[in-house]
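Below is one structure, written out as structure tokens; the observations come after it.
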Amino acid sequence: MRKIFAVFFVSLVFVSISCNRETDKHHELKLSLILGENSDWYKGAVRFAELVEERTGGSCRVKIFPHAQLAGQSQRTELEMLQTGVIDISLESSILLTLIEKRMGIFSLPWMFDNYEEAYRILDSPLGQHMLDLLAEKEITGLAYGANGFRQITNSINPIRTPADISGMKLRVPGIKMYIDIFKLLDADPSSMNFGELFTALAQGTMDGQENPVSVIYSARLFEVQRYLTLWNYSFDPVILCVNKKLWETLEPDIRNIISWCARDAMKYERESVAQGEPSIVDSLKSKGMEINTLDPASVRAFKTIVEPIYHQFDRQIGGGLVDKFRNAVE
Numbered sequence: 099m100r101k102i103f104a105v106f107f108v109s110l111v112f113v114s115i116s117c118n119r120e121t122d123k124h125h126e127l128k129l130s131l132i133l134g135e136n137s138d139w140y141k142g143a144v145r146f147a148e149l150v151e152e153r154t155g156g157s158c159r160v161k162i163f164p165h166a167q168l169a170g171q172s173q174r175t176e177l178e179m180l181q182t183g184v185i186d187i188s189l190e191s192s193i194l195l196t197l198i199e200k201r202m203g204i205f206s207l208p209w210m211f212d213n214y215e216e217a218y219r220i221l222d223s224p225l226g227q228h229m230l231d232l233l234a235e236k237e238i239t240g241l242a243y244g245a246n247g248f249r250q251i252t253n254s255i256n257p258i259r260t261p262a263d264i265s266g267m268k269l270r271v272p273g274i275k276m277y278i279d280i281f282k283l284l285d286a287d288p289s290s291m292n293f294g295e296l297f298t299a300l301a302q303g304t305m306d307g308q309e310n311p312v313s314v315i316y317s318a319r320l321f322e323v324q325r326y327l328t329l330w331n332y333s334f335d336p337v338i339l340c341v342n343k344k345l346w347e348t349l350e351p352d353i354r355n356i357i358s359w360c361a362r363d364a365m366k367y368e369r370e371s372v373a374q375g376e377p378s379i380v381d382s383l384k385s386k387g388m389e390i391n392t393l394d395p396a397s398v399r400a401f402k403t404i405v406e407p408i409y410h411q412f413d414r415q416i417g418g419g420l421v422d423k424f425r426n427a428v429e
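Our numbering runs 98 ahead of the 1-based position in the sequence shown.
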């Protein structure tokens, strides 16, 4: 009888240990981003990793890979690796995401948002969640929105205050059709090129100007080859913290809840870092010799009127009344 009890007791201990091993899972997640350690993206990623480890008691850890190290410094490859699950998590600009979901281009429409408060109100609304949900069709779960910032324009020819000032300028723009079309309507000469080649092109005069958030303009030292900066907030560029969908669905519900909370908190922190840092960056650019021009609402309207056809063109491409939903929500 004692022998039978001993065997039974050992069996119970074995089952208990087995169950604990099954439930006490440890996750090591790889997070990739294209920018480096000095960027707001990286600050947001660090905050996310710290929160996840703290909130999960160390059972889930996030390792950060800046400069898209895992993808050969290619954003397109990084996105593909995220979709296939080679990369677990990544920070992606909405501009890049248009490669797989063209409706994400709605954020890039010219002067859709006037300021950060307006943009964030939409991102944090059901409409913003709807846009994240679209990524599920592409094997991605969108967790939360951060910000790359409003895109501004620089050049080496003359100040840009009116549409006539931009006429004929050779401008480097992101490699999506919408940006090409915007600047063609403004009578500029836009073309896309690898960002890594931009500094040389500007220095040699192959390109007259470019457009980017001020943080990128500063970190890439474009002030060395560009004299004029116009602040016109013409296109908002959100960044999205994304996770591979299949991985997400395998995580325990409590871990998913924790990661979702950490993502929202970290991206809120990243947004604040962007907004708080921009004034000092603009001052730094001015101290480096750039002439800064800030367009008032009346000056902006002159540009908005010219590029209005972009809205109709994009609406025809994506359908579903999404453009009207955004415009009504903003108003």
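All C-beta atoms in this analysis are idealised placements derived from N, C-alpha and C, irrespective of residue type, glycine included.
Rounded to the nearest angstrom, what separates residue i and residue j at their Cα positions?
| i | j | result |
| --- | --- | --- |
| Ala143 | Lys366 | 11 Å |
| Ile185 | Gly294 | 23 Å |
| Glu151 | Ile357 | 10 Å |
| Ile198 | Lys236 | 7 Å |
| Glu350 | Phe146 | 18 Å |
| Gln298 | Gly418 | Rather than Gln, the amino acid found at residue 298 in this sequence is Thr. Taking the straight line from one Cα to the other gives about 42 Å. |
| Leu233 | Gly226 | 12 Å |
| Asn310 | Pro272 | 9 Å |
| Glu120 | Arg174 | In this predicted model, Glu120 has a pLDDT of only 35, less than 50, meaning its place in the structure is not dependable; the value taken from the coordinates is given anyway. Their backbone Cα atoms lie some 36 Å apart in a straight line. |
| Pro395 | Gly156 | 50 Å |
| Ser397 | Ile408 | 19 Å |
| Gln430 | Tyr316 | There is no way to answer for residue 430, as the model of the chain reaches only from 99 to 429. |
| Leu296 | Arg354 | 40 Å |
For the putative contact between residue i and residue j, defined by C-beta atoms under 8 Å, what is the C-beta separation to the nearest angstrom?
| i | j | result |
| --- | --- | --- |
| Met291 | Arg270 | 5 Å |
| Phe401 | Met210 | Not quite, the Cβ-Cβ distance comes to about 13 Å (not below 8 Å), so this is no contact. |
| Leu284 | Pro257 | The pair is not a contact, with the Cβ atoms about 15 Å apart (cut-off 8 Å). |
| Leu420 | Arg201 | 6 Å |
Return the first residue and the last residue of the alpha helix (DSSP H) that residue i is part of.
| i | result |
| --- | --- |
| Pro407 | Pro407 to Ile416 |
| Gly432 | Given that the chain is displayed from residue 99 to residue 429, the structure contains no residue 432 and the question cannot be resolved. |
| Asp279 | Lys275 to Leu283 |
| Leu207 | Where Leu207 is concerned, there is no enclosing alpha helix (DSSP H), given that its DSSP letter is neither H nor E. |
| Lys347 | Just to set this straight, residue 347 is Glu in the shown sequence, not Lys. Start and end: Lys343 to Thr348. |
What residue range does the beta strand (DSSP E) around residue i cover?
| i | result |
| --- | --- |
| Ile353 | Per DSSP, Ile353 belongs to no beta strand (DSSP E); it is in the alpha helix (DSSP H), Pro351 to Ser385. |
| Glu389 | Glu389 to Thr392 |
| Lys268 | Lys268 to Arg270 |
With DSSP run on the structure shown, which of helix, strand or coil describes residue i?
| i | result |
| --- | --- |
| Arg325 | coil |
| Glu190 | strand |
| Gly240 | strand |
| Arg319 | coil |
| Gly134 | coil |
| Trp330 | strand |
| Asn256 | coil |
| Asp212 | coil |
| Val108 | Since pLDDT at Val108 reaches only 38, below the 50 mark, its modelled position is unreliable, and no value is offered. |
| Gln308 | strand |
| Ser55 | The chain is shown from 99 up to 429; residue 55 falls before or after that span and cannot be answered. |
| Ile162 | strand |
| Asn426 | helix |
| Gly247 | strand |
| Asp263 | helix |
| Val184 | coil |
| Leu339 | strand |
Should residue i go down as buried or exposed, given a rule of 16 or more other Cβ atoms within 10 Å for buried?
| i | result |
| --- | --- |
| Asn213 | exposed |
| Pro377 | exposed |
| Ala166 | buried |
| Leu180 | buried |
| Arg399 | exposed |
| Glu126 | exposed |
| Asn342 | buried |
| Ser265 | exposed |
Using a Cβ-Cβ distance under 8 Å, would residue i count as near chain B?
| i | result |
| --- | --- |
| Gly142 | No chain B appears in this structure, which consists of one protein chain only. |
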